[in-house]
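Novice:
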Amino acid sequence: MSEDSWAFAVDTQEAQTSAQPDLREKASRLRGPWKKTGDINGNIVLQKDEREGWGEDVDPVNLAEQSLLNKLIRRTLVRSRTEVEVLQRDPSSPLFSVKTFEELRLKPELLRGVYSMGFNRPSRIQESALPMMLAQPPQNLIAQAQSGTGKTAAFSLAMLSHVNPTNKWTQCLCVAPTYELAVQIGQVIEQMGKFCVDVKVAYAVRGNRMERGVPVKEQIVIGTPGTLLDWCSKYKHIDPKKVSMFVLDEADVMIAIQGHRDQSFRIYRLLSKDCQMLLFSATFEESVWKFAEKVIPNANIIKLKREEETLDNIRQFYVICKSKEDKFMALCNLYGTLTIAQAMIFCHTRKMARWLAAQLTQDGHQVALLSGEMTVEQRAHVIERFRNGREKVLVTTNVCSRGIDVEQVSLVVNFDLPVDMAGKADNDTYLHRIGRTGRFGRRGFAVNMVDSKCSMDIINQIEMHFNRKIPKLDPSNLVEMENMC
Ligand SMILES: Nc1ncnc2c1ncn2[C@@H]1O[C@H](COP(=O)(O)OP(=O)(O)OP(=O)(O)O)[C@@H](O)[C@H]1O
106 MSEDSWAFAV DTQEAQTSAQ PDLREKASRL RGPWKKTGDI NGNIVLQKDE REGWGEDVDP
166 VNLAEQSLLN KLIRRTLVRS RTEVEVLQRD PSSPLFSVKT FEELRLKPEL LRGVYSMGFN
226 RPSRIQESAL PMMLAQPPQN LIAQAQSGTG KTAAFSLAML SHVNPTNKWT QCLCVAPTYE
286 LAVQIGQVIE QMGKFCVDVK VAYAVRGNRM ERGVPVKEQI VIGTPGTLLD WCSKYKHIDP
346 KKVSMFVLDE ADVMIAIQGH RDQSFRIYRL LSKDCQMLLF SATFEESVWK FAEKVIPNAN
406 IIKLKREEET LDNIRQFYVI CKSKEDKFMA LCNLYGTLTI AQAMIFCHTR KMARWLAAQL
466 TQDGHQVALL SGEMTVEQRA HVIERFRNGR EKVLVTTNVC SRGIDVEQVS LVVNFDLPVD
526 MAGKADNDTY LHRIGRTGRF GRRGFAVNMV DSKCSMDIIN QIEMHFNRKI PKLDPSNLVE
586 MENMC
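Per my numbering, the very first residue in the sequence shown carries number 106; after that it's consecutive.
#1: Using a 10 Å radius around the Cβ and a threshold of 16 neighbouring Cβ atoms, would you call residue 151 buried or exposed?
#2: What does the alpha-carbon distance come out to for the pair residue 256 and residue 273?
#3: Using a Cβ-Cβ cutoff of less than 6 Å, which residues in the same chain neighbour residue 245 once the five nearest sequence positions on both sides are dropped?
#4: Alpha carbons only, please: which of 243, 241, 208, 242 is nearest the one belonging to residue 227?
#5: What distance in whole Å lies between the Cβ atoms of residue 306 and residue 294, which are believed to be in contact at a cut-off of 8 Å?
#6: For residue 124, count the other beta carbons within 10 Å of its own beta carbon; 16 or more makes it buried, fewer makes it exposed. Which is it?
#7: With distances taken from CA atoms, which of 230, 436, 495, 235 is nearest residue 464?
#8: Given the structure, does residue 464 come close to ligand 1, in the sense that its CB is under 7 Å from one of the ligand's heavy atoms?
#9: What whole-angstrom Cβ distance do residue 416 and residue 538 have, given they're in contact under 8 Å?
#10: In three-state terms, what does DSSP make of residue 484?
#11: Helix, strand or coil, according to DSSP, for residue 362 in the structure here?
#12: Which of helix, strand or coil does DSSP assign to residue 390?
#13: Residue 561: which of 540, 528, 264, 548 sits nearest, CA to CA?
#14: Counting beta carbon pairs with one atom in the segment 476–484 and one in the segment 510–526, are three or more of them shorter than 8 Å?
#15: On the three-state DSSP scale, how would you describe residue 339?
#16: Just how far apart, CA to CA, sit residue 344 and residue 239?
#17: Measuring only the C-alpha atoms, how far is residue 534 from residue 504?
#18: So what's residue 577 in DSSP terms, helix, strand or just coil?
#19: Measuring CB to CB, does residue 289 end up less than 8 Å from residue 304?
#20: Going by DSSP, which residues form a beta bridge with residue 384?
#21: Quick check: is the beta carbon of residue 578 nearer than 8 Å to any beta carbon in chain D?
#22: In the structure shown, what three-state DSSP assignment does residue 146 receive?
#23: For residue 189 and residue 230, which I take to be in contact (beta-carbon distance under 8 Å), what is that distance rounded to the nearest angstrom?
#24: Given 7 Å as the limit, tell me if residue 421 has its C-beta closer than that to any heavy atom belonging to ligand 1.
#25: Using 10 angstroms around the beta-carbon of residue 339, count the other beta-carbons present and answer buried if the total reaches 16, otherwise exposed.
#26: Would you check if the segment 319–334 and the segment 265–280 touch, i.e. whether three or more CB-CB distances between them fall below 8 Å?
#27: Please tell me whether, using a cut-off of 7 Å, the distance from the CB of residue 222 to the nearest non-hydrogen atom of ligand 1 is below it.
#28: Can you have a look at residue 515 and say buried or exposed, based on whether 16 or more other CB atoms are within 10 angstroms of its CB?
#29: How is the beta strand (DSSP E) around residue 328 delimited, first residue to last?
#30: Between residue 346 and residue 377, what straight-line distance do the alpha-carbon atoms span, to the nearest angstrom?
Shown next as structure tokens:
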């Protein structure tokens, strides 16, 4: 599609979507009222309907929530052993990479802010990305690296370094997929820039209203695409032609949210041609590439490959059970082993997870429950407690099959096997639930509960997919597990 026809499509779509009521609100009205109730962790949670299967009771993977959860529970940098790949727009220009923040010749107050955050040296991705982002003349950049590798810190530093504090108008725009993610980014900028007293940050997010035509004086504005677009066009709070750095964060999450890609593209079209464009993403599927190439033609590209999860150090077993009660009994037999280190138990539905957590609690065990009906903050709190060893066993749905690394978990139980919507083995989810990166390298055990011919079929599919035999658990394996966990 040429830029014009793409732009035309954007205009048409915009006109249609602005006339519609908020889709989420509409959807939740259709689903009926939510029920407020207490959960096993003592949290107040909102529960939807109780249907089994692929209804509301199965937690879908929500990328924006997952990303926020990752940010909330992260304490340190994710250190990757993979090599950084740099593709320069102009291969003949020298490739700079820095090993210290001093080499970047930052303003002293900014350097002080960086050190006050406890950053001693640039992360892997920052080593190459920072010199590129700070180069003169400005260069465009597309950067891909998994969550936790220092992307947010990198572009926050670039924006703080870029602005001229004496100019009281918006010079840097940063687009984030949700209100909560925008606030998280803002906190990093405010913390890093705390000694840059003349640099101010504003939030273009829902509910933050100003009188039409009143210009924003803050040099950095972070917001969600819809509100930012309004601020730039409808309300004229920002003169987009005066913006000289545009950051698009979490592009993969962004384009997964309906309407966000087109709104971001509309903001892009309002900017001047020489505005520096920076795009960040944790993953790079085809759709993200297409979008990135549209908004940032001729960009430098930096990629840091994720360390793949493997099943190399994992001993896998299955146990045969007749019913969920039978699975519960089998779990109780494993319980001694579960609590030696820490264990995670995965269920298919929220209802099953609640039932199991209640049964285990009734039986006198101390367990934590994590499922999608909790707010992201409540989930972060439960994960934090589990990480600190306050509970030894975590019962959960797919809501945390990826993204959380609890190093001390050495046993994973698939109380329900992971299946896709067609009822086939969901191999990716299986790998995310039980796989480890080579980085942790520790041994682990996975026990799969099989309660029907169907679930035995799924075990066979998983065996074939990963080309690994999954034997039946016998008492001698239990002794082995107790010794190894
Ligand atoms: N150079 C550094 N040295 C030490 N810690 C760092 C450095 N850069 C970032 N961090 C810290 O590492 C963690 C991850 O950084 P950051 O949030 O920037 O990563 P990210 O790739 O943007 O991930 P996400 O998208 O999930 O936020 C944060 O706690 C941050 O404070």
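Note that beta-carbon positions come from the ideal geometry of N, C-alpha and C, so glycine has one too.
Fair warning: this is a prediction, and the values are worked out from it, not measured in the lab.
Specialist: Let's see:
#1: As a first step, residue 151 is located in the sequence shown; it is residue number 46 there, counting from the start. Because residue 151 sits at a pLDDT of 44, beneath the cut-off of 50, its placement in the model cannot be relied upon, and the following sentence gives the value as read from the coordinates. Looking at its Cβ environment, which holds fewer than 16 other Cβ atoms inside 10 Å, residue 151 is exposed.
#2: Here residue 256 refers to the residue found at position 151 when the sequence shown is read from its first residue. Here residue 273 refers to the residue found at position 168 when the sequence shown is read from its first residue. Looking at the two C-alpha atoms, the distance is approximately 27 Å.
#3: Stepping through the sequence shown from its first residue, residue 245 is reached at position 140. So the qualifying residues of the chain are 382, 401, 404.
#4: On the sequence shown, position 122 is the one that residue 227 refers to. Measuring from the Cα of residue 227, the nearest candidate turns out to be 208.
#5: As a position in the sequence shown, residue 294 is number 189, starting the count at 1. As a position in the sequence shown, residue 306 is number 201, starting the count at 1. Going by Cβ atoms, the distance from residue 294 to residue 306 rounds to 5 Å, so yes, they are a contact pair.
#6: Along the sequence shown, read from residue 1 onward, the residue named residue 124 stands at position 19. Legend: pLDDT at residue 124 = 37, less than 50; position of this residue unreliable, value from coordinates given subsequently. Exposed.
#7: Here the question's residue 464 lines up with position 359 in the sequence shown. Among 230, 436, 495, 235, the Cα nearest to that of residue 464 belongs to 436.
#8: Numbered from its first residue, the sequence shown carries residue 464 at position 359. Every heavy atom of ligand 1 is 7 Å or more from the Cβ of residue 464, so no.
#9: Position 311 of the sequence shown, counted from the start, is the residue given in the question as residue 416. Position 433 of the sequence shown, counted from the start, is the residue given in the question as residue 538. Wrong, their Cβ atoms sit about 11 Å apart, outside the cutoff.
#10: By one-based count along the sequence shown, residue 484 stands at place 379. Helix.
#11: As a position in the sequence shown, residue 362 is number 257, starting the count at 1. Correct three-state label for residue 362: coil.
#12: As a first step, residue 390 is located in the sequence shown; it is residue number 285 there, counting from the start. Correct three-state label for residue 390: coil.
#13: As a first step, residue 561 is located in the sequence shown; it is residue number 456 there, counting from the start. Ranking 540, 528, 264, 548 by Cα distance to residue 561 puts 528 first.
#14: no
#15: Here residue 339 refers to the residue found at position 234 when the sequence shown is read from its first residue. In this structure, residue 339 counts as coil in the three-state DSSP scheme.
#16: The residue given as residue 344 occupies position 239 in the sequence shown. The residue given as residue 239 occupies position 134 in the sequence shown. Roughly 23 Å separates the two Cα atoms.
#17: Your numbering for residue 534 matches position 429 in the sequence shown. Your numbering for residue 504 matches position 399 in the sequence shown. Taking the straight line from one Cα to the other gives about 11 Å.
#18: If you number the sequence shown from 1, residue 577 lands on position 472. DSSP places residue 577 in strand when its eight states are reduced to three.
#19: Within the sequence shown, residue 289 is the residue found at index 184, counting from 1. Within the sequence shown, residue 304 is the residue found at index 199, counting from 1. No; because the gap between Cβ atoms is not below 8 Å, this pair is not in contact.
#20: One-based indexing of the sequence shown puts residue 384 at position 279. Answer is 247, 353.
#21: Among the protein chains of the structure shown there is no chain D, as only one such chain exists.
#22: Sequence index remark: in the sequence shown, residue 146 carries index 41 (1-based). With a pLDDT of 49 at residue 146, under the threshold of 50, the modelled position of this residue cannot be trusted, and the question is left open.
#23: What you label residue 189 is simply residue 84 of the sequence shown in a count that begins at 1. What you label residue 230 is simply residue 125 of the sequence shown in a count that begins at 1. Sure, about 6 Å apart at Cβ, within 8 Å.
#24: In the sequence shown, counting from the first residue as 1, residue 421 sits at position 316. No.
#25: Reading the sequence shown from its first residue, position 234 is the one you call residue 339. Exposed, by the Cβ-count rule.
#26: yes
#27: Your numbering for residue 222 matches position 117 in the sequence shown. Indeed, a heavy atom of ligand 1 lies less than 7 Å from the Cβ.
#28: Here residue 515 is taken as the residue at index 410 of the sequence shown, counted from 1. Buried is the call here.
#29: Sequence index remark: in the sequence shown, residue 328 carries index 223 (1-based). 325–328 is the span of the beta strand (DSSP E), which, as asked, contains residue 328.
#30: Looking up residue 346 in the sequence shown gives position 241. Looking up residue 377 in the sequence shown gives position 272. Their Cα atoms are separated by approximately 5 Å.
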